[in-house]
Amino acid sequence: MDPAGRPTGEDLRVARVDLLVDDAPAARPVNVLAHWTEDLALSSRIDPRVAHYTGQEELSRLIADGCDAYDTGDRATAAQLLGRAVELATAAGDAFHLEQLRLLVEDVDATSVRLRDDLPRLDVISVAVRSSVTVRDQGPRAASGPVPAADAPPRVCPAGHRSPPDARFCQRCRHEFTDPADAGPVPT
Numbered sequence: 001m002d003p004a005g006r007p008t009g010e011d012l013r014v015a016r017v018d019l020l021v022d023d024a025p026a027a028r029p030v031n032v033l034a035h036w037t038e039d040l041a042l043s044s045r046i047d048p049r050v051a052h053y054t055g056q057e058e059l060s061r062l063i064a065d066g067c068d069a070y071d072t073g074d075r076a077t078a079a080q081l082l083g084r085a086v087e088l089a090t091a092a093g094d095a096f097h098l099e100q101l102r103l104l105v106e107d108v109d110a111t112s113v114r115l116r117d118d119l120p121r122l123d124v125i126s127v128a129v130r131s132s133v134t135v136r137d138q139g140p141r142a143a144s145g146p147v148p149a150a151d152a153p154p155r156v157c158p159a160g161h162r163s164p165p166d167a168r169f170c171q172r173c174r175h176e177f178t179d180p181a182d183a184g185p186v187p188t
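Residues in the sequence shown are numbered consecutively from 1, following the UniProt record's numbering.
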């Protein structure tokens, strides 16, 4: 029994959530259940979906803080924070954030990164803004397809805008990349 006298080992409804739009039900009500237990292993386990989103929050913070450090001229801290972000994104199989990070760093692997020398301010701002995008948890999944090579050059549209190596469209002007020659060094 828990201190309030509720039985342990069974689900108990502790609340009900109703979604109303203009005072009319917009979805079926959902029960909020509590399962009282004295088993520390059960009570301290983090649901995998909660862990996923907690990791997304940390990843977002690392990217934003890394961009802030870069903006203030602290390249060592920026590389450290963005390197940790690469580790988290790699472990989570988060291709979206890995693509964004490749705009800022070279030699992207799970152990070390180096800030790009030719880093346009717009790329730093773009990645910082996109850092708050949360990638939905896909649940248990088979191994995902290959992540583009770490040393793959960014794609460059006719206007000179850079996009991740496997982008199908320019992130700024929406130019469609149809020619493999679109990949390469940024024009000076």
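We put the beta carbon where it would ideally sit given N, CA and C, even for glycine.
Three-state secondary structure (DSSP) of residue i
i       : result
Ser-163 : strand
Arg-174 : coil
Leu-103 : coil
Ala-34  : strand
Val-86  : helix
Ala-69  : helix
Ala-76  : helix
Val-113 : coil
Leu-119 : coil
Val-147 : Any reading at Val-147 must be qualified, since the residue scores a pLDDT of 47, below 50, and its modelled position is unreliable; the value itself is stated next. Of the three classes helix, strand and coil, the one that applies to Val-147 here is coil, per DSSP.
Span separating the alpha-carbon of residue i from that of residue j
i       : j       : result
Ala-85  : Pro-165 : 19 Å
Asp-74  : Pro-153 : 25 Å
Ala-34  : Ala-24  : 27 Å
Leu-98  : Thr-72  : 23 Å
Asp-11  : Pro-29  : 17 Å
Arg-61  : Phe-96  : 16 Å
Leu-88  : Glu-57  : 11 Å
Leu-103 : Val-127 : 8 Å
Ala-159 : Val-14  : 58 Å
Val-17  : Ala-26  : 11 Å
Tyr-70  : Trp-36  : 47 Å
His-175 : His-161 : 10 Å
Val-32  : Glu-106 : 46 Å
Gln-171 : Val-113 : 23 Å
Arg-130 : Glu-38  : 42 Å
Cys-157 : Thr-178 : 10 Å
For residue j and residue i, believed in contact at Cβ under 8 Å, the rounded distance
i       : j      : result
Leu-115 : Ala-79 : 5 Å
Contact test: residue i Cβ vs the ligand ZN heavy atom, cutoff 7 Å
i      : result
Trp-36 : Judged by which ligands are present, the structure shown has none, so any question about the ligand ZN falls away.
Beta-bridge partners of residue i, as assigned by DSSP
i       : result
Pro-25  : Leu-20
Val-156 : Arg-162
Phe-96  : DSSP lists no partner for Phe-96.
Asp-179 : DSSP lists no partner for Asp-179.
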